[in-house]
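In mature numbering (1 follows the signal peptide of the UniProt record, and there is no 0), the protein residues as written are -17 to -1, 1 to 108. Have a look at the structure below before the remarks.
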């Protein structure tokens, strides 16, 4: 009997770990990844599709987000092992503009996305 319970728990664990990365209708992952600095306007153009689909992104892992959006432009570790991913949307030094717009994703210590926020900052020369 213990073997059956053990096997069932193992199968449940593997099934829950294999959550697929969601597909966002109309979102061009390759165009997003190609516009790494946000200077070409692709990320700015695609951002409304992401914002509409934020509920589908909640609780995704960092690995799933990287599959969808590519590596972040910046990553920060925060207290209690939380992590932030920053994706440049427009502006910044790379584009010759002082003001930068970023998409900030916050992950828990257990690697689940819990917060998505669009932020604007000024870069110093």
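Positions of the beta carbon are idealized from the N, C-alpha and C atoms, including for glycine. Quantities reported herein were computed from a predicted structural model and do not represent experimental measurements.
Three-way DSSP call (helix, strand, coil) for residue 59 in this model: Counting from 1 along the chain shown, the entry for residue 59 is found at position 76. In the structure shown, residue 59 sits in a strand (DSSP, three-state: E or B).
N-terminal and C-terminal residue of the alpha helix (DSSP H) that residue 46 is part of: Within the chain shown, residue 46 is the residue found at index 63, counting from 1. Here the alpha helix (DSSP H) through residue 46 covers 45 to 52.
Own chain partners of residue 43 with C-beta closer than 6 Å, once the 5 adjacent residues on each side are dropped: By 1-based counting over the chain shown, the position of residue 43 is 60. Once the five neighbours on either side are set aside, the close Cβ partners of residue 43 are 96.
Nearest to residue 60 (by Cα), restricted to the options 25, 11, 90 and 98: For the purposes of this step, residue 60 is taken as residue 77 along the chain shown, with counting starting at 1. Selected option, being the one with the closest Cα: 90.
contact_flag[the stretch 63 to 75, the stretch 26 to 34] where n(CB pairs < 8 Å) is 3 or more: Cβ pair count under 8 Å is three or more, so yes.
Candidates 77, 22 and 99: closest to residue 69 by CA position: Counting from 1 along the chain shown, the entry for residue 69 is found at position 86. For residue 69, the nearest C-alpha among the options comes from 99.
Rounded Cβ spacing between residue 36 and residue 7 (contact assumed at less than 8 Å): To locate residue 36, count along the chain shown from 1; it is residue 53. To locate residue 7, count along the chain shown from 1; it is residue 24. Confirmed, about 5 Å.
CA-to-CA distance, residue -16 to residue 46, given in whole angstroms: The sequence position of residue 46 within the chain shown is 63, counting from 1. The sequence position of residue -16 within the chain shown is 2, counting from 1. Here the alpha carbons of residue -16 and residue 46 stand approximately 34 Å from one another.
Residues sharing a beta bridge with residue 69, DSSP: Here residue 69 corresponds to residue number 86 of the chain shown, with the count starting at 1. Among the bridge pairs identified by DSSP, residue 69 is matched with 57 and 87.
Endpoints, alpha helix (DSSP H) assigned at residue 106: Looking up residue 106 in the chain shown gives position 123. Boundaries cannot be given for residue 106, as no alpha helix (DSSP H) includes it and DSSP labels it neither H nor E.
When 11, 107, 49 and 65 are compared against residue 4, the one with the closest alpha-carbon: As a first step, residue 4 must be located in the chain shown, where it is residue number 21. Considering only 11, 107, 49 and 65, the residue with the shortest C-alpha distance to residue 4 is 49.
Inter-residue spacing [alpha-carbon to alpha-carbon] between residue 62 and residue 92: In the chain shown, counting from the first residue as 1, residue 62 sits at position 79. In the chain shown, counting from the first residue as 1, residue 92 sits at position 109. The alpha-carbon atoms of residue 62 and residue 92 are separated by roughly 9 Å.
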